[in-house]
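Residue numbers (our numbering), protein chains in the order written: chain A, -12 to 280; chain B, 1359 to 1747.
Think of the CB as a built atom: it goes at the ideal place given N, C-alpha and C, for glycine as much as any other residue.
Data block below; observations after.
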Ligand SMILES: Nc1ncnc2c1ncn2[C@@H]1O[C@H](COP(=O)(O)OP(=O)(O)OP(=O)(O)O)[C@@H](O)[C@H]1O
Ligand SMILES: [Mg+2]
């Protein structure tokens, strides 16, 4: 997994600094090996085992779970999940970039801090609670439908809950801050005298944005997209609560296999497939990003 | 009659007050007329409002009041990218994600020049500033190299008006001289209007047609280099441009082009009165350049002429033509050999001192004056000026 995203614009550290950097990272590396690499290895092994009596894991090794995942029942869910995660990322970007730009160009530091505080304010409430709140807002007898029927605008309640739309809404709502914060950081570092230089050389607003502002804030955009896309594709609470049977995502499938009388090897295989898809996606994305900047 | 290229009319720029502070008046009611094809300097100390003035011409700031007219058109509200002006920024403002060549090509691309031609013209501009590192990123260049990229980037568009904000500040002396020459040549060939900001008076004097001397947001004096150097209207201008002696005294008489000033201790000197007129008996300053003063030994009888080793043809003729001049007795209190010249500090009267520059014609051993020598100091009256303080 030798992925590297050049998020900082300052490269080139001396070898001494690099060595010192490595020793500082040792605690985190131990943590990663124990709680990330090792579990992934276990999952990888389990995905080839057979499900025995009452969910026990037994030999022989088999590829049957991978066949099922890539087969007609599970494949559409995988593609749907990719599509929804992709849409979530795009919508977050379209909403988040202008917002981050707006916040970081406020003159008063206080205003900026207040705005940033508002962006992360939802984190102060449990994610589950917030998602239930959406259920109440979107439900057949919920806030929106209640208001519209009350006003006599509709007679039948709108089908808001238990749709892809609701899932998308919930995901965008949940992950928008992950887009805003890194973009804010890179716009904040952006030097606006470069905009003046571009204007001076005859570039209008649009060209200045495309040729100067966007390339120089791209690290934030890349980071934001990764931070939104990865949790979005693996999410299961939002589709569970807001998507009903309609909006099942691969995360729901995987959690399903690990609950009750689930099928651990099948869930593991689904996890591995999802991971491979995400990594492939990141590789392609980082290539594109590198070429663009 | 020359055409006016840039007209600045009663422009004031005030930056809003920060909390607990006064608003900053960076530019305080300046009016300037800069002609087409002129090499015009804005000269002044740090913080006097030079950059702010340029930024208003370029369109990055709007004047708080007053008007700027570019080539006959008022430009209020016209965005920078629609003004026929390019800027060499004081802090370069190079695009960090582009190579040197891409930086220089940027302006041409925005003007719709095709890629091939843009590349050729950019390469030529870079050659002019003696830069070969086309494919480096700005952060891989030294300060002086970055400055030259900034210069090339603005020059390559050959705008009607080029604003240069201390464009050679980071260069070493030799390169700076070369660039000065290149800029002067280019400006003349292409008949561009240059507004050249510097705080280096020598640079302003050597390069520019006219100079505006600024201080604390105001333009104190505008004129050709020699006018400003020879006839500064204020103490600030005299002090800022070149080295000047200021001696304080009391104005006792004005007789046509001759004013008499009494220094502390009763010594009388003569100087040219200020044009604005000064009332008698007021405290005034007499300004005189060190190189306009001549020293002679008092031990030699004056009828035998000057000491041959200090006299120059010029001094001799000044004396022979009986031009108006002031003689003052003094004592050498310090002598400082600086190569081409020797700088003497001479005490005159009770408490006044003068710096005098004498060119070193002969060998070092010929230097005539030693610390403690009694001397006679003299100057042509027209070279000393009475300034109001
Ligand atoms: N955006 C701003 N807000 C507040 N004050 C400012 C601003 N820009 C400039 N000033 C003030 O205006 C005055 C003039 O600044 P300016 O940059 O024009 O000086 P300058 O003559 O270019 O000086 P230097 O030779 O150091 O570059 C300074 O006192 C500066 O602090
Ligand atoms: Mg400046």
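Could you tell me if residue i is buried or exposed, where buried requires 16 or more neighbouring beta carbons within 10 angstroms of its beta carbon?
{"i": "residue 1561/B", "result": "buried"}
{"i": "residue 1660/B", "result": "For residue 1660/B, the predicted structure reports a pLDDT of 43, less than 50, and the residue's modelled location is therefore unreliable. The matter cannot be settled from this model."}
{"i": "residue 121/A", "result": "buried"}
{"i": "residue 1749/B", "result": "The first residue shown for chain B is 1359 and the last is 1747, placing residue 1749/B beyond what the model contains."}
{"i": "residue 1441/B", "result": "buried"}
{"i": "residue 1568/B", "result": "buried"}
{"i": "residue -12/A", "result": "Confidence at residue -12/A is low in this model, with a pLDDT of 36, below 50, so its placement is unreliable and the value that follows should be read with caution. It counts as exposed."}
{"i": "residue 1737/B", "result": "buried"}
{"i": "residue 1719/B", "result": "exposed"}
{"i": "residue 1530/B", "result": "exposed"}
{"i": "residue 1554/B", "result": "buried"}
{"i": "residue 1434/B", "result": "exposed"}
{"i": "residue 1615/B", "result": "exposed"}
{"i": "residue 1460/B", "result": "buried"}
{"i": "residue 1366/B", "result": "buried"}
{"i": "residue 28/A", "result": "exposed"}
{"i": "residue 1695/B", "result": "exposed"}
{"i": "residue 110/A", "result": "exposed"}
{"i": "residue 1717/B", "result": "exposed"}
{"i": "residue 1539/B", "result": "exposed"}
{"i": "residue 10/A", "result": "exposed"}
{"i": "residue 62/A", "result": "exposed"}
{"i": "residue 1628/B", "result": "buried"}
{"i": "residue 1472/B", "result": "exposed"}
{"i": "residue 1692/B", "result": "exposed"}
{"i": "residue 98/A", "result": "exposed"}
{"i": "residue 1446/B", "result": "buried"}
{"i": "residue 1399/B", "result": "buried"}
{"i": "residue 187/A", "result": "buried"}
Let me know the secondary structure DSSP gives residue i once reduced to three states.
{"i": "residue 1704/B", "result": "strand"}
{"i": "residue 206/A", "result": "helix"}
{"i": "residue 288/A", "result": "Summary: the structure shown does not reach residue 288/A, with chain A confined to residues -12 through 280, and so no result is reported for it."}
{"i": "residue 65/A", "result": "helix"}
{"i": "residue 1640/B", "result": "coil"}
{"i": "residue 1649/B", "result": "helix"}
{"i": "residue 1689/B", "result": "strand"}
{"i": "residue 1727/B", "result": "coil"}
{"i": "residue 35/A", "result": "coil"}
{"i": "residue 1719/B", "result": "coil"}
{"i": "residue 1404/B", "result": "coil"}
{"i": "residue 87/A", "result": "helix"}
{"i": "residue 299/A", "result": "In the structure displayed, chain A extends from -12 to 280; residue 299/A sits before or after that span and is not available."}
{"i": "residue 1684/B", "result": "strand"}
{"i": "residue 1363/B", "result": "strand"}
{"i": "residue 1625/B", "result": "coil"}
{"i": "residue 73/A", "result": "helix"}
{"i": "residue 281/A", "result": "In the structure as shown, chain A begins at -12 and stops at 280. Residue 281/A is therefore absent and cannot be evaluated."}
Run the proximity test for residue i: is its beta-carbon closer than 7 Å to any non-hydrogen atom belonging to ligand 3?
{"i": "residue 1448/B", "result": "Summarising the ligand content, the structure contains ligand 1 and ligand 2 and does not contain ligand 3."}
| query | In the stretch 1413 to 1478 of chain B, which residue ranges form an unbroken beta strand (DSSP E) of at least 3 residues, counting only runs that do not cross its ends? | reply | 1423 to 1428 and 1443 to 1446
| task | Specify which residues have a beta carbon nearer than 5 Å to any heavy atom of ligand 1, listing them in chain order. | result | 1373/B, 1382/B, 1384/B, 1404/B, 1405/B, 1406/B, 1407/B, 1408/B, 1409/B and 1410/B
| query | Which parts of the stretch 1494 to 1534 of chain B are runs of the beta strand (DSSP E), unbroken and 3 residues or longer, counting only runs that do not cross its ends? | reply | 1519 to 1523
| request: For the stretch 105 to 135 of chain A, list the alpha helix (DSSP H) runs that are entirely contained and at least 4 residues long, ordered along the chain. | output: 114 to 125
| said: I want to know whether the stretch 223 to 232 of chain A touches the stretch 148 to 162 of chain A - three or more CB-CB distances under 8 Å. | reply: yes
| Entirely enclosed alpha helix (DSSP H) segments - the stretch 194 to 251 of chain A, minimum 4 residues | 201 to 220 and 237 to 245
| message | Which runs of the alpha helix (DSSP H) at least 4 residues long sit entirely within the stretch 145 to 201 of chain A? Give them in chain order. | response | 151 to 176, 180 to 187 and 192 to 195
| query | What residue ranges within the stretch 1527 to 1615 of chain B form continuous beta strand (DSSP E) runs of no fewer than 3 residues, ordered along the chain? | reply | 1551 to 1556, 1568 to 1573, 1576 to 1582 and 1603 to 1613
| message | Pairs of beta-carbons, one from the stretch 77 to 90 of chain A and one from the stretch 166 to 184 of chain A, closer than 8 Å: are there three or more? | response | yes
| request: Inspect the CB distances between the stretch 1648 to 1655 of chain B and the stretch 1698 to 1713 of chain B and report whether three or more fall short of 8 Å. | output: yes
| query | When the Cβ atoms of the stretch 1706 to 1716 of chain B are set against those of the stretch 1617 to 1627 of chain B, are three or more pairs found closer than 8 Å? | reply | yes
| message | Taking 8 Å as the cut-off, does the stretch 1538 to 1548 of chain B touch the stretch 1374 to 1392 of chain B (at least 3 CB pairs, one atom from each stretch)? | response | no
| request: Report yes or no: do the stretch 104 to 113 of chain A and the stretch 163 to 171 of chain A share at least 3 C-beta pairs separated by less than 8 Å? | output: yes
| query | Touching or not, the stretch 1522 to 1529 of chain B and the stretch 1482 to 1491 of chain B, by the rule of three or more beta carbon pairs under 8 Å? | reply | no
| message | I'd like to know if the stretch 199 to 206 of chain A and the stretch 113 to 127 of chain A are in contact, where contact means that at least 3 CB-CB pairs between them fall below 8 Å. | response | no
| Are there three or more Cβ pairs, one per stretch, closer than 8 Å when the stretch 127 to 140 of chain A is compared with the stretch 37 to 54 of chain A? | no
| query | With contact counted as at least three CB pairs below 8 Å, one residue from each stretch, are the stretch 205 to 220 of chain A and the stretch 72 to 87 of chain A in contact? | reply | yes
| said: With three or more C-beta pairs closer than 8 Å as the rule, is the stretch 1571 to 1579 of chain B touching the stretch 1384 to 1394 of chain B? | reply: yes
| request: Determine contact between the stretch 1503 to 1515 of chain B and the stretch 260 to 280 of chain A, defined as no fewer than three beta-carbon pairs at a distance below 8 Å. | output: no
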